[in-house]
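Student: One structure, as structure tokens, below. Some questions next.
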Amino acid sequence: MSALPIAADPTATRISSHCCFCSMQCGIELLPEDNAAGFEIKPSPDFPVATGRLCQKGLNALGHTVHEERLLVPQRRVGSALPGSTWQQTSWEDALDGIASSILSIQEQHGRDAVSVFGGGSLTNEVCYLLGKFTRVALRSKYVDYNGRYCMSSAAAAQMRAFGIDRGMNVPLDDLMMANYIILAGTNIAECQPTMVPYLMAAKKRGAIIVTIDPRPTMTSKLADIHVNLQPGFDSVFVNGLLHVILNENLFDQAYVDAHTTGIEEVRESVRDFSPDTVSGYTGIPKEVIRTIARGFARAETGVVLTARGLEQQINGVEHTLNYINLCLLTGKMGRPGCGFGPVTGQANGQGGREHGQKADQLPGYRMIDDPEARRHVAAVWGIEPEEIPGKGVSAYELFDRILDGEIKAMIVLGSNPLVSSPNNSRVEEALRKLELLVVVDLFETETAAYAHWLLPGSTFLEAEGTLTNLEGRVFHRPRALKTPGEVMEDYKLIAALAERLGRGAYFQYESPEAVFDELSRASAGGKADYGGMSYSRIKEKKGLFWPCPSPDHPGTPRMFENGVYYHPNGRAKLHGITPKKPAETTSSEYPYILTTGRLGNHYLSGTQTRRTAALMKKAPVPVAEIHPSAAEKLLLRPGDRLRLTTRRGTMVIDVKVVQDIHPTTVFVPFHWGGDLAINKLTNDALHPISRMPEFKLCAVRLAREAPP
Ligand SMILES: Nc1nc2c(c(=O)[nH]1)N[C@H]1C(S)=C(S)[C@@H](COP(=O)(O)OP(=O)(O)OC[C@H]3O[C@@H](n4cnc5c(=O)[nH]c(N)nc54)[C@H](O)[C@@H]3O)O[C@H]1N2
Ligand SMILES: Nc1nc2c(c(=O)[nH]1)N[C@H]1C(S)=C(S)[C@@H](COP(=O)(O)OP(=O)(O)OC[C@H]3O[C@@H](n4cnc5c(=O)[nH]c(N)nc54)[C@H](O)[C@@H]3O)O[C@H]1N2
Ligand code: SF4
Ligand SMILES: [Mo]
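Residues in the sequence shown are numbered from 1 upward in steps of one, following UniProt numbering.
Pasting the structure below:
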């Protein structure tokens, strides 16, 4: 069955929406077109972000929406073989009744916490909010977490520690154009947020210096004046070198530090032994480069530091991020036009997704679940007693540990494909196989769904109304563009319908996503992520409002910390002295290289969507490992050879290409494929002690040449 799109409002003269992929959330328009989809996507002239631009993914976002493999009807598994047995189409009635009765019987036998929810950061604020509420109020379980744990958790933990709040980028994108010095660390913007490039180019035109820090040359490093080719895992060492120069040469902003921060002595102490000479010895980065960047950034009138998953997805990711934050705080590059810090958010709603309670330890509005006042406030909005809200659960990856140790028996996955995207994924496979009940709500039969007992059709970005929060903290409205095809139900309705079957429908009476938003806004009011002053009409009228926005007459907060006041009780930001630590695995004679993983411009995350889009797939049909010429030489690699990669967790053979200027120790592999092509068979599931972020970005690997048969 194919999903032929029909406009939600056939009388509309314009159909507007937003791209479903990255955190830029570019505006799109659907124009009727005589092609298989019936429409084509054009950039919208209206949305005040990256106006008039789209990247290849955005232009092709209809590709998966109308794909013939779209799930259009609920399905149940017949037979017990997992994976491999067949699906039987069923009605919503039967599916919801069947799932609810399994949940209730599992909970009766094993307790309420035996049922868990795994959510996602591509979903609207309304759906993210409902997933948290559904777990706590309908399932009455403590076990909910989501894929953003693999994404923004280290950045979030670092910002909370330094600033007392995590608003993603501290500055709107427009501020990038006013920055004189831009440091991009472990962020490949040109492939991952391509429509941000014009902002960087505008700064460059004004004479800004751009520095990239990455173990490999990227499309982004092509924009740079200085590229630092850093071995994975060494960011804190490198930044300590920069801070050493800044402190020793008195280049820091004494007045700002005195008035608005604490902890400078701690930083002095921890960078003392990191002279440019020493850091050069550890990293191979010439000491002159370290001095040039330190002096350049400190002396620049304005400057911005952006980080991303490169340094965050590590067991030391929070500390690396804190050290980059130190750079901005010490040099007073905060709270002014053209100044600030930003961990570049990844998914469409990676920001809102972490604010409204689908994280194991959080309630809506970025409230902490173990804070009695937070529980009282949210319980009052939900119409329950504070004691009824369960306690803190565990992080995304640890949910699979709980399945393996027998505590969790059931899982509902909505908006993620964890079998492809989790580290050391053979353990995840073992866990999924063990579940008594797995419900997957998705657009397609994903790799994860191969282990599901029920497969429910989810709505796409074009078919569901809601709000999202982009990487700047801008909350905007995404209208419903198309009718849901087949039997597809909007995700928010599905959650409410299941709550009804569990006997908790009274708490989930919503006429529309707007009604959910109004409740969310009340639940967030007074919290850190305060949406209290927002409503659909205000958001639509302003084309987006930045949080915090505490009251209906508040204009929103595009630039954070303008008054120099931070969100710690003493009003100051906290500098952290960082003593660099080793990653979970270091190289050895058995595993002499470092495997790092990441993204390609034409694919998206677990690939469910982009692998089904012909125009994107043809540019990157399979993953290709990138290695240094010296590694190729040692392996005696010849044209046509493939590469075997082996880590302590698994082995695989994939295509390989030789890349000049990648760090000689480093092998890079993109993670957008499943099955035998999933690099997460090999990655390390060591977690950061606080953020619980897995170490996706580095593990020890052995390489071998595989000659063609
Ligand atoms: N095309 C595309 N765009 C996307 C996505 C996608 O899948 N495809 N995903 C979206 C999502 S959810 C996210 S989270 C973002 C991710 O956006 P990014 O974090 O920018 O993407 P990655 O490729 O994971 O990693 C960035 C860079 O980190 C480098 N790196 C690896 N180890 C280290 C290290 O130790 N230190 C430093 N400094 N750098 C290191 C890698 O070589 C890589 O070039 O992109 C978003 N945008
Ligand atoms: N090795 C390695 N692994 C990584 C990373 C890495 O850098 N290296 N990065 C990590 C990061 S940053 C992230 S964000 C994760 C993401 O990993 P995943 O969570 O697996 O990401 P997606 O592929 O976006 O999965 C979303 C699923 O939800 C479905 N979907 C999309 N929109 C909707 C909707 O509106 N409703 C419903 N019901 N379903 C929808 C899609 O079809 C897709 O199957 O991967 C992580 N894994
Ligand atoms: S930059 Fe991001 S939001 Fe914009 S079109 Fe590309 S993938 Fe979509
Ligand atoms: Mo992400």
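C-beta atoms are modelled at their ideal positions from N, C-alpha and C, and glycine is treated no differently.
1) If you measure from the CB of residue 715, is any heavy atom of ligand 1 nearer than 6 Å?
2) Could you say if the region 507-514 and the region 156-168 meet the contact criterion of at least three C-beta pairs nearer than 8 Å?
3) Alpha carbons only, please: which of Tyr199, Gly233, Gly207 is nearest the one belonging to Asp214?
4) Could you pull out every residue in the same chain whose Cβ sits closer than 7 Å to the Cβ of Asp258, ignoring the five residues on either side in sequence?
5) Among residues of its own chain, excluding the 5 on either side of His628, which ones have a beta-carbon nearer than 6 Å to its beta-carbon?
6) Going by DSSP in three states, Gly352 sits in which element: helix, strand or coil?
7) Classify Met1 as helix, strand or coil using the three-state DSSP reduction.
8) Would you list, in sequence order, the uninterrupted alpha helix (DSSP H) runs of no fewer than 4 residues that lie entirely inside the region 424-464?
9) When you compare the CB positions of Leu184 and Leu306, do they come within less than 7 Å of one another, or not?
10) Answer yes or no: the CB of Cys151 versus the heavy atoms of ligand 4, is any distance below 6 Å?
11) Can Ser422 and Tyr397 be called in contact, C-beta distance under 7 Å?
12) For Met1, I'd like the list of residues in its chain whose CB is within less than 7 Å of its CB, leaving aside the five on either flank, ordered along the chain.
13) Check whether the Cβ of Thr90 sits closer than 6 Å to any heavy atom of ligand 2, and report yes or no.
14) Is it buried or exposed, Ala255, if we count other Cβ atoms within 10 angstroms and call 16 or more buried?
15) Since Leu482 contacts Ile28 with CB under 8 Å, what's their CB separation in whole angstroms?
16) Give the range of the beta strand (DSSP E) segment to which Lys657 is assigned.
17) What is the residue span of the alpha helix (DSSP H) that Gly340 lies within?
18) What does DSSP give as the partner residue(s) for Tyr146 in the beta ladder?
19) Can you pull the DSSP bridge partners for Asn229?
20) If we call anything under 7 Å between Cβ atoms a contact, is Ser459 one with Glu490?
21) Where does Ile290 sit, in a helix, a strand or coil, going by DSSP?
22) For ligand 5, is there any heavy atom lying closer than 6 Å to the beta carbon of Gly346?
23) Measuring from the CB of Cys192, is there a heavy atom of ligand 3 at a distance below 6 Å?
24) Helix, strand or coil for Lys483, going by three-state DSSP, please let me know.
25) Given a cut-off of 7 Å, decide if Gln107 and Tyr115 are closer than it, judged by their beta-carbon atoms.
26) Tell me whether the region 219-231 and the region 73-85 touch, counting them as touching only if at least three CB pairs, one residue from each stretch, are closer than 8 Å.
27) With H, G and I counted as helix, E and B as strand and the rest as coil, what does DSSP make of Cys699?
28) Skipping 5 residues on each side, what residues in its chain have a beta carbon closer than 6 Å to that of Tyr566?
29) Should residue 713 be counted as a contact of ligand 2 given a C-beta to heavy atom distance under 6 Å?
30) Following a CB-centred definition, is Arg376 positioned closer than 6 Å to any heavy atom of ligand 1?
31) Compute the Euclidean distance between the alpha carbons of Arg167 and Met368, then round it to the nearest angstrom.
32) Run through DSSP, which three-state label would Ser17 get?
33) Are the CB atoms of Leu468 and Gly352 nearer to each other than 7 Å?
34) Going along the chain, which residues of its own chain have a beta-carbon closer than 6 Å to the beta-carbon of Gly591, five neighbours each way excluded?
35) Classify Ala12: buried if its beta carbon has 16 or more other beta carbons within 10 angstroms, exposed otherwise.
Tutor: For this structure:
1) The structure shown does not extend to residue 715, since the chain is modelled only from 1 through 709, so no value can be given for it.
2) As far as the Cβ criterion goes, the region 507-514 does not touch the region 156-168, which means the pair count is below three.
3) Cα-wise, what sits closest to Asp214 is Gly233.
4) Excluding positions up to five away in sequence, the list is empty.
5) Result list for His628: Ile662, Pro664, in chain order.
6) Helix at Gly352.
7) Residue confidence for Met1 is low, a pLDDT of 43 falling below 50, so the modelled location carries little weight and cannot support an answer.
8) With a minimum length of 4 residues, the continuous alpha helix (DSSP H) runs that stay inside the region 424-464 are 425-434.
9) Yes, the pair counts as a contact, with Cβ atoms nearer than the cut-off.
10) Under cutoff, so the answer is yes.
11) Taking 7 Å as the Cβ cut-off, Ser422 and Tyr397 qualify as a contacting pair.
12) A caution first: Met1 carries a pLDDT of 43, below 50, which makes its placement in the model unreliable, though a value can still be read off. Answer for Met1: Leu72, Gly486, listed in chain order.
13) For Thr90, the CB stays at least 6 Å from every heavy atom of ligand 2.
14) When all chains shown are included, Ala255 counts as exposed.
15) Incorrect: roughly 12 Å between the Cβ atoms, too far for contact.
16) Element bounds for Lys657: 650-658.
17) Per DSSP, Gly340 belongs to no alpha helix (DSSP H); it is in the beta strand (DSSP E), 340-343.
18) Answer is Gly119.
19) Looking at the DSSP assignment, Asn229 forms a beta bridge with Asp214.
20) Their beta carbons are under 7 Å apart, which means Ser459 touches Glu490 by this criterion.
21) DSSP places Ile290 in helix when its eight states are reduced to three.
22) For the structure depicted, ligand 5 is absent and the ligand set comprises only ligand 1, ligand 2, ligand 3 and ligand 4.
23) Result no, Cβ not under 6 Å from ligand 3.
24) If DSSP states are grouped into helix, strand and coil, Lys483 belongs with coil.
25) Just to set this straight, residue 115 is Val in the shown sequence, not Tyr. Taking 7 Å as the Cβ cut-off, Val115 and Gln107 qualify as a contacting pair.
26) Per the Cβ contact rule, the region 219-231 is not in contact with the region 73-85 (fewer than 3 Cβ pairs under 8 Å).
27) Cys699: strand per DSSP, three-state reduction.
28) Phe163, Gly164, Arg572, Ala573.
29) Residue 713 lies beyond the residue range present for the chain, which begins at 1 and ends at 709; the question has no answer from this structure.
30) False, no ligand heavy atom lies under 6 Å from that Cβ.
31) Going by the C-alpha atoms only, they are around 16 Å apart.
32) Three-state DSSP puts Ser17 in a strand.
33) Yes, these two residues count as a Cβ contact at 7 Å.
34) Note that residue 591 is Tyr in the sequence shown here, rather than Gly. Close CB contacts of Tyr591 within its chain, under the 6 Å cut and outside five residues either way in sequence, are with Ala700, Val701, Arg702 (chain order).
35) Under the 10 Å beta carbon count, Ala12 is surrounded by fewer than 16 other beta carbons and is classified as exposed.
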